[in-house]
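With mature numbering (1 follows the signal peptide of the UniProt record, and there is no 0) applied, the sequence shown covers -20 to -1, 1 to 264.
Structure first, commentary second.
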Amino acid sequence: MARKRSLWFAAVIVATGILAGCGSQNGNGEAAAPQTSPAESAAPKEVTIKVGASAVPHAEILEFIKPKLKEEGVNLEVVTLDDDGQLNPALQEKQIDANYFQHVPYLDSVKGEKGYDFVVTAKVHVEPIGFYSEKLKSKDEIPHGAKIGIPNNPSNEYRALVLLQQQGLIKLKDGITTYEATPKDIVDNPHNLEFVEADSATLPRSLPDLDGAIINTNLVLEAKIDPKTALFREDANSPYANVVVVRKGDENREEIKKLDAALTSPDVKKFIEDKYGVAVVPAF
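Have a look at this one:
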């Protein structure tokens, strides 16, 4: 009797195994493909975009939005170069999908010369330029014949000269409409200021040799200079908002739209205000 019972159990086990095996095969006797849950099938395919940026504050702001974009299926790669001037050529040559380091007057000053067919997709922030000095404590101490450093690229040189004009230190000739000017366009220089035109990136380390210099805020931050030490600076109404730039035709790419939305979100506004204070002002 015990032997019959054990044979019966063995038959049941074998039959169960056969049925289980049949359940894992399709009609051709092949293993059936694993079932995909609705949640898995609905997951968006991740897209990678490369954005060229200045190290500070642009790349830091981009790093802040990385997790948000990741949630939306966008893998953001931030590309920084030793020379920011190479970020437009990199965009032109399709090494990157967008760049975020420049303002519109600068873009306009190089776009025609280089033949770039670029489009601005978002205004993010303004970096008010300021006058910095290691020798002077106030504007009133600027001596007669002072050596003043200014950027030598066209748009920022004009910007620096306009700031000096706003402070009553010089007067530019009337009718300048191209965001370009040099010291040759000064018609009144009552303090006989001497201007040293130099690459923007060199101005922070040139301060010991100058009475003062007008320096872009991103370079001030990179040089670990306290932006609050500026003797004077642009106000928040500056037209020099830093923008996101893409090749014409790419402005409608979904991932670019998500990038722009993330960069102009309330979270980014708070991040900029909390981290940079007077040095960086949201432009949205």
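Where is the CB? At the ideal position from N, CA and C, for every residue including glycine.
Taking residue i as the reference, which of the options has the closest Cα?
i: E93; options: N68, D191, V58, K250; result: N68
i: Y138; options: K153, K127, T101, L42; result: K153
i: E114; options: P131, G129, K103, L190; result: L190
i: G65; options: E43, P85, V90; result: V90
i: L243; options: R233, Y256, V223; result: V223
i: V226; options: Y220, I236, N217; result: I236
i: E73; options: E57, Y96, L61; result: Y96
i: residue 270; options: L61, T60, K46; result: It is not possible to answer for residue 270, since the shown part of the chain is limited to -20 through 264.
i: T28; options: A70, L239, L143; result: L239
i: F229; options: D77, I41, V167; result: Residue identity check: residue 229 is Gly in the sequence provided, not Phe. It is D77.
i: E177; options: K48, T209, N232, K164; result: K164
i: H171; options: E40, D62, L42, K119; result: K119
i: T162; options: K255, P134, L143, N196; result: P134
i: N169; options: N217, L183, Y220, I128; result: I128
i: L144; options: F175, Q82, K117, S245; result: F175
i: V99; options: D254, A140, T158, E231; result: E231
i: F44; options: K250, Y112, A263, A102; result: K250
i: S34; options: Q82, E52, L56; result: Q82
i: L49; options: E121, P219, V31; result: V31
i: Y220; options: A140, E51, E234; result: A140
i: G110; options: K151, A210, I252, D254; result: A210
Use the C-beta contact count for residue i: other C-beta atoms within 10 angstroms, 16 or more gives buried, fewer gives exposed.
i: E20; result: Note that E20 has pLDDT 49, beneath the 50 cutoff, so the model's placement of it is unreliable and no number is given.
i: D147; result: Looking at the sequence provided, one finds Gln at residue 147 rather than Asp. Its Cβ having fewer than 16 others within 10 Å, Q147 is exposed.
i: V248; result: buried
i: V106; result: buried
i: G192; result: buried
i: R(-16); result: With a pLDDT of 42 at R(-16), under the threshold of 50, the predicted position of this residue should be treated as unreliable, though the coordinate-derived value follows. Per the 10 Å Cβ criterion, exposed.
i: R185; result: exposed
i: E26; result: exposed
i: N136; result: buried
i: P188; result: exposed
i: N6; result: At N6 the pLDDT is 47, less than 50, meaning the model places this residue with poor confidence and gives no usable figure here.
i: V261; result: buried
i: H124; result: exposed
i: S4; result: Residue confidence is low: S4 scores 40 on pLDDT, short of 50, so the model does not pin down where it sits. Its coordinate-derived value is still stated next. It counts as exposed.
i: G257; result: exposed
i: T101; result: buried
i: I156; result: exposed
i: E121; result: exposed
Where do the ends of the alpha helix (DSSP H) carrying residue i lie?
i: G65; result: Looking at the DSSP string, G65 is not in any alpha helix (DSSP H), and its letter there is neither H nor E.
i: L87; result: 84 to 94
Tell me residue i's beta-bridge partners as DSSP assigns them.
i: A78; result: V31
i: P47; result: Paired residues: none, contrary to the question.
i: P262; result: H105
i: V36; result: DSSP, once it has assigned bridges, lists no residue as partnering V36.
Can you tell me where the beta strand (DSSP E) with residue i in it begins and where it stops?
i: L54; result: It is worth fixing the name first, because residue 54 is Val in this sequence and not Leu. It spans 54 to 59 - the beta strand (DSSP E) in which V54 sits, taken as one unbroken run.
(Q) List, from N- to C-terminal side, the alpha helix (DSSP H) runs of 4 residues or more that fit wholly inside the segment 101 to 176. (A) Given a length threshold of 4 residues, each whole run of the alpha helix (DSSP H) inside the segment 101 to 176 is given here in chain order: 134 to 146.
Q) In chain order, which continuous runs of the alpha helix (DSSP H) of length 4 or greater are located wholly inside the segment 217 to 258? A) Assignment of alpha helix (DSSP H) within the segment 217 to 258, counting only whole runs of 4 or more residues, yields 234 to 243, 246 to 256 in chain order.
Q.
Give the list of continuous alpha helix (DSSP H) stretches no shorter than 4 residues that lie fully inside the segment 179 to 205.
A. The DSSP assignment places 183 to 186, 197 to 202 as complete runs of the alpha helix (DSSP H) inside the segment 179 to 205, in order along the chain (cut-off: 4 residues).
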